[in-house]
Amino acid sequence: SAVALYENNLKRLLAYSSVAQIGYILLGASLVSVGGLSASLLHMFNHALAKGALFLAVMGLAMRFSRLDLQHLGGAARHMPWTMAALVIAGLSLIGIPGTAGFISKWYLVAAVLDEGMLGLALVAVIVVGSLMAVVYVWRIVEAAWFAEETIGAEVVREAPAPMLAVIWLAALANIYFGLVTEVPRELATGSAISLLGHLP
Numbered sequence: 006s007a008v009a010l011y012e013n014n015l016k017r018l019l020a021y022s023s024v025a026q027i028g029y030i031l032l033g034a035s036l037v038s039v040g041g042l043s044a045s046l047l048h049m050f051n052h053a054l055a056k057g058a059l060f061l062a063v064m065g066l067a068m069r070f071s072r073l074d075l076q077h078l079g080g081a082a083r084h085m086p087w088t089m090a091a092l093v094i095a096g097l098s099l100i101g102i103p104g105t106a107g108f109i110s111k112w113y114l115v116a117a118v119l120d121e122g123m124l125g126l127a128l129v130a131v132i133v134v135g136s137l138m139a140v141v142y143v144w145r146i147v148e149a150a151w152f153a154e155e156t157i158g159a160e161v162v163r164e165a166p167a168p169m170l171a172v173i174w175l176a177a178l179a180n181i182y183f184g185l186v187t188e189v190p191r192e193l194a195t196g197s198a199i200s201l202l203g204h205l206p
């Protein structure tokens, strides 16, 4: 997350953010408990939803922009509002905002970590700091796309093609759906964790 704070290329920024998310997944698994492993499995699924939607939106941007540096995307939301809105929804899930899939798995991860006592409190602090860093680098994207001076220049920029936009929004809305309807992925994650760990709590 710390590296993502200073990265200007959008694709690399999202790649660095994946490293932090993998850290959450490994953290839950390292607890060697049903709660921790199920939170990890759930976060694998939810992170795939968020990052899948983000990279689909980036693909839409790549079709219209010759470069994906943040400073080159100034004003992008004025020309591609639907693509950028979907990107923001996925970004909110990546942060773990309530109402998104990312919040659910982070919530269960925090609950599992707190079972570890005082060490758990320190680990929760790590999760919170990582999420706050995600707020910053997602905001950098929002700031460039919505509030920065236009840097598009001579490029002709228009919204992503309709079929692609439909796929982008399907992926983005999945982050909201699974943030509100949590039973199926949660039960699958818990069942898998029980199968893998057997009698462990």
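Numbering (my numbering), first residue to last: 6 to 206. Yeah, the Cβ is synthetic: ideal placement off N, Cα and C, and Gly gets one too. Everything numeric in this text was worked out from a predicted model, so none of it was measured.
Which residue from the options puts its Cα closest to that of residue i?
i    : options              : result
K111 : G135, A176, L92, M85 : G135
A95  : A117, V133, V140     : V140
L185 : E121, T105, G125     : T105
R5   : G28, A127, M89, L201 : Residue 5 falls outside the range modelled here, since the chain spans only 6 to 206, and no answer is possible.
E12  : L124, D74, F60, I109 : D74
V147 : E192, G122, A82      : A82
Only counting the same chain, and skipping five residues up and downstream in sequence, which positions put a Cβ closer than 7 Å to that of residue i?
i    : result
P190 : L47, F50, F183
I199 : V39
S22  : S6, A9, L99, A139, Y142
Using the three-state DSSP reduction, which class does residue i fall into: helix, strand or coil?
i    : result
N14  : strand
T195 : helix
A159 : A caution first: A159 carries a pLDDT of 46, below 50, which makes its placement in the model unreliable, though a value can still be read off. Of the three classes helix, strand and coil, the one that applies to A159 here is coil, per DSSP.
If you check the beta carbons only, do residue i and residue j fall under 8 Å apart?
i    : j    : result
A20  : L78  : no
A55  : M138 : no
L36  : A117 : yes
I109 : T187 : yes
M68  : A167 : no
Roughly how many angstroms lie between the CA atoms of residue i and residue j, to the nearest whole one?
i    : j    : result
P86  : L92  : 10 Å
A159 : S98  : With a pLDDT of 46 at A159, under the threshold of 50, the modelled position of that residue is not reliable, and the figure given next carries that caveat. Roughly 34 Å separates the two Cα atoms.
A25  : G65  : 24 Å
Y142 : N14  : 11 Å
I132 : A171 : 33 Å
V129 : V115 : 6 Å
E154 : L32  : 40 Å
R145 : G203 : 44 Å
K16  : Y113 : 28 Å
S197 : H84  : 44 Å
Below 6 Å CB to CB, which residues in the same chain sit around residue i once its five sequence neighbours on both sides are set aside?
i    : result
T156 : H77, G79
I30  : S45, H48, M49
Near residue i, which residues of its chain fall below 8 Å by C-beta distance, leaving aside the five closest residues on each side in sequence?
i   : result
A34 : G41, L42, S45
A58 : A91, L92, I94, A95, S98, I173, A176, A177, A179, N180
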